[in-house]
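Contents: one structure, followed by commentary.
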Amino acid sequence: MRKLSLEFYQRKDVLTIAKDLLGKILVTNWKSTFTSGRIVEVEAYNGTIDKASHAFGGRRTKRNEVMYAEGGSAYVYLCYGIHHLFNVVTNNKDIPHAILIRALEPVRGVEVMLKRTGKKKTDYSLTRGPGNVSKALGILTKHSGISLPGKELYIADDGLVYSDKEIASSPRIGVDYAGRHAKLKYRFYVKGNPFVSGKHK
DNA sequence: CTGACGATTCACT
DNA sequence: GTGAATCGTCAGC
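So for the first sequence, our numbering puts the first residue at 1370; every next one is plus one.
Pasting the structure below:
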């Protein structure tokens, strides 16, 4: 297992990075408590020209400021007053690309995840959906802005690679307001994986 | 200062 | 399938 380097995140094509993230392991290590999961579903947000992105049109606020930071930063924000959504910032400084992690397959620390989420037993909902992913791994908005190849939060590669045949793409979820951008196939997931949210095609 | 709302989830009909 | 929960952020006054 090796941590992904900043170079991985700082490439130019957010779609390529999004696809490459499938199969990688997202790890949190708060106070020496490890929890991790294999990434099986992601969505790409393509910067200022993407109407579904918080950074559309160069929009820059206190909340999304970290999207303009260098690739490899974590962008976490609160949605619906309840859910923390975890994103990875990509590309270089001042280019607000980001990738939303939508689903994981639990790898390590399942008991801790159950405790954090208040669930009684393991089922596919534990790390399915972006809100649940953050909850299970203990990711909060206060972690927004920290660098990913860090001690407490990072993404690792254990050598597993999904082939193109195992990966499918579809329009993103929950962004119907984005007009024609809502139709773009910027969501990537592992075919048939039970942790993938939404309908499986 | 105020009001509207969201890259969602879950319980309930 | 439908609707409530719930609060930080942001635009507007």
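In this text, a Cβ means the ideal position worked out from N, Cα and C, and glycines have one as well.
Query                                                                                                                                                     : Result
Candidates R1549, K1534, G1548, A1505: which alpha carbon is nearest T1399's?                                                                             : With the sequence shown as reference, residue 1399 is identified as Trp, and Thr is not the correct amino acid for it. Comparing Cα positions, the closest option is A1505.
On the premise that A1472 lies in contact with G1498, defined as a C-beta separation below 8 Å, what is that separation, rounded to the nearest angstrom? : 7 Å
Check whether the stretch 1377-1388 and the stretch 1433-1446 touch, using three or more Cβ-Cβ pairs below 8 Å as the test.                               : yes
If we count the other Cβ atoms within 10 Å of its Cβ and call it buried at 16 or more, is H1569 buried or exposed?                                        : For H1569, the predicted structure reports a pLDDT of 44, less than 50, and the residue's modelled location is therefore unreliable. A value from the coordinates is still provided. So H1569 ends up on the exposed side.
Go ahead and pull the three-state DSSP assignment for I1386.                                                                                              : helix
What does the alpha-carbon distance come out to for the pair L1509 and I1515?                                                                             : 11 Å
Which residues in the same chain have their Cβ closer than 7 Å to the Cβ of Y1444, if we skip the five residues on either side of it in sequence?         : V1435, M1436, N1456, V1458, A1467, S1513
Quick check on G1543: does DSSP put it in helix, strand or coil?                                                                                          : coil
Would you list the one or two residues that DSSP bridges to L1522?                                                                                        : T1397
Does the contact criterion of 3 or more C-beta pairs under 8 Å hold for the stretch 1392-1409 versus the stretch 1473-1485?                               : yes
Go through its chain and collect everything with a Cβ distance to L1522's Cβ below 8 Å, but skip five positions before and after it.                      : V1396, T1397, N1398, A1443, I1508, H1512, I1515
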